[in-house]
DNA sequence: CATCCGGCTTGATCTAAATCAATTGCATTT
DNA sequence: AAATGCAATTGATTTAGATCAAGCCGGATG
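Chains as they are written, first to last, in this note's numbering: chain A, 2 to 193; chain B, 2 to 193.
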């Protein structure tokens with residue numbers, strides 16, 4: 002049950018057997034069906050989630066009711082509204098399962114506690130966040146500098162798995178373009 | 002000389018006198034004049050920089066020679082090309098002083114060393130990166146969901162200091178719009 | 001003091017992508 | 001197998017913002 006999480010940790014830092022037990026005790030499992038929500042606009046995000054399997058999206062809704070996907074999360078990824086999680090203030094996001102999913106949940110206080118009892122995890126999260134910083138920075142660079150087609154091509158190159166797994170409209174949203182535009186881009190790219 | 006850095010650390014984690022010495026020994030000071038570079042396309046980013054004073058921008062150049070600002074950094078901020086810094090691979094970015102500036106530099110190996118000798122800094126960087134994650138995530142949400150005017154208004158609300166301090170063209174670039182568009186937005190907003 | 005240059009503004013035009021709208025194709029449910 | 005409901009496609013039109021081009025202003029430089 003905790004295999005994937007412990008692997009994720011061990012890939013980055015050494016961890017003792019005793020610490021593994023501590024880790025396991027800090028998490029609970031949630032099983033989700035397609036379209037279940039872990040978080041809705043207005044909720045406070047009191048937990049962060051480690052995806053064991055399935056696929057989640059984190060998104061906002063604008064005034065016109067359009068979804069804007071800020072994050073995907075599949076097996077081995079962390080997800081949640083970090084803003085709300087850290088501040089304790091209400092989120093303006095939705096966290097939804099695109100597929101049946103299982104996630105490991107850790108509450109704010111439990112994580113804080115765990116970080117003091119197993120301090121090597123500070124290093125784990127630090128490394129995780131650094132890698133994440135690189136990825137999100139690349140995304141920003143693409144968003145401010147590239148046109149629709151180039152953004153899509155970079156996305157496919159970076160996450161070939163997603164391009165197949167996730168409905169196109171979510172990818173379009175993630176790239177900041179419309180589903181219609183993405184559809185047209187795909188036929189044009191294929192023609193060449 | 003190390004005041005601002007030590008304050009930045011102490012705001013987030015407790016640190017002993019001995020550890021402060023260790024920190025100071027790990028950094029060197031660089032003084033920059035306006036338009037000096039700390040990093041150019043093709044360089045490997047072997048250091049990260051903590052800004053003591055002045056203002057830096059991190060940007061890419063596209064095929065058309067247009068700058069795309071991915072980051073600002075003023076007093077108390079960290080900056081550098083994290084991708085190149087972590088991987089040791091060449092950067093495709095420029096890091097330039099917009100004003101005369103002083104930065105504290107820490108080499109890759111020295112930071113790794115420091116993190117093992119002063120492990121509380123793992124926590125410092127972890128917290129820093131979490132806060133940063135929230136900010137950059139907000140930026141992404143704005144980039145994929147908002148029009149030019151709303152992006153600008155959010156920027157001014159979040160960083161009122163910058164709006165005055167930095168030439169508009171860099172702000173435009175940071176927002177993913179042209180200087181012309183930003184100029185027009187500003188007069189329109191003022192009219193109302 | 002003059003001039004030079006970079007940054008900002010303003011206007012005219014163009015274009016990539018959004019929007020609006022209809023149709024089709026799948027997959028899930030009944 | 002019919003029916004329902006999304007997702008994707010395709011076409012027509014609109015629009016936000018880019019691009020191109022000139023002029024202008026203010027601070028740095030000889």
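For glycine and all other residues, C-beta sits at the position ideal for the given N, C-alpha and C.
Contact of residue 179 (chain B) with chain A is not assigned, every C-beta pair being separated by 7 angstroms or more. Legend: CB atoms of the stretch 74-98 of chain A lying less than 7 angstroms from CB atoms of chain B belong to residues 83, 84, 87.
The secondary-structure analysis by DSSP pairs residue 94 (chain B) across a beta bridge with B:61. Along the stretch 13-72 of chain B, the alpha helix (DSSP H) occurs as fully enclosed runs of 4 or more residues at 18-27, listed in sequence order.
At least one CB of chain B lies nearer than 7 angstroms to the CB of residue 142 (chain A). About 6 angstroms separates the CB atoms of residue 103 (chain B) and residue 30 (chain B); that is less than 8 angstroms, so the two are in contact. For residue 84 (chain A), the closest of A:63, A:71, A:76 by C-alpha to C-alpha distance is A:71. When A:135, A:33, A:69, A:168 are compared, the shortest CA-CA separation from residue 101 (chain A) is found for A:33. In this structure, residue 41 (chain B) lies near residue 95 (chain B), with their beta-carbon atoms less than 7 angstroms apart. Just measuring C-alpha positions, the residue of A:167, A:12, A:86 sitting nearest residue 47 (chain A) is A:86.
Residue 33 (chain A) is outside the set of residues whose beta carbon lies under 7 angstroms from a beta carbon in chain B. Annotation for residue 103 (chain B): the continuous beta strand (DSSP E) segment containing it runs 102-108. With a threshold of 16 other beta carbon atoms within 10 Å, residue 174 (chain A) meets it and is buried. Only those residues of the stretch 107-133 of chain A whose C-beta falls short of 8 angstroms from the nearest C-beta of chain B are listed: 116, 120, 123, 124, 126, 127, 130, 131, 132, 133.
Interface annotation, residue 145 (chain B): in contact with chain A, CB-CB separation under 7 angstroms. Counted as a single uninterrupted DSSP element, the alpha helix (DSSP H) harbouring residue 10 (chain B) occupies residues 4-11. In the displayed model, residue 167 (chain B) falls within coil according to three-state DSSP, outside both helix and strand. Taking the Cα positions, residue 154 (chain B) is about 10 angstroms away from residue 160 (chain B). Using a 10 angstroms sphere on the CB of residue 43 (chain A), the tally of other CB atoms stays under 16, which defines it as exposed. From the beta-carbon of residue 63 (chain B), the residues of chain A found nearer than 7 angstroms are 146. Annotation: residue 163 (chain B) to residue 68 (chain B) spans about 18 angstroms, alpha carbon to alpha carbon. Looking from the CA of residue 116 (chain B), the closest CA among A:117, A:62, A:121 belongs to A:121. For residue 58 (chain B), no chain A residue has a Cβ inside 8 angstroms of its Cβ, as the nearest lies near 13 angstroms away. Between residue 137 (chain B) and chain A, the shortest Cβ-Cβ separation is below 7 angstroms.
The closest CA to that of residue 144 (chain A), considering only A:178, A:168, A:132, is found on A:178.
If you check the CB distance, residue 118 (chain A) and residue 142 (chain B) do not come in under 7 angstroms.
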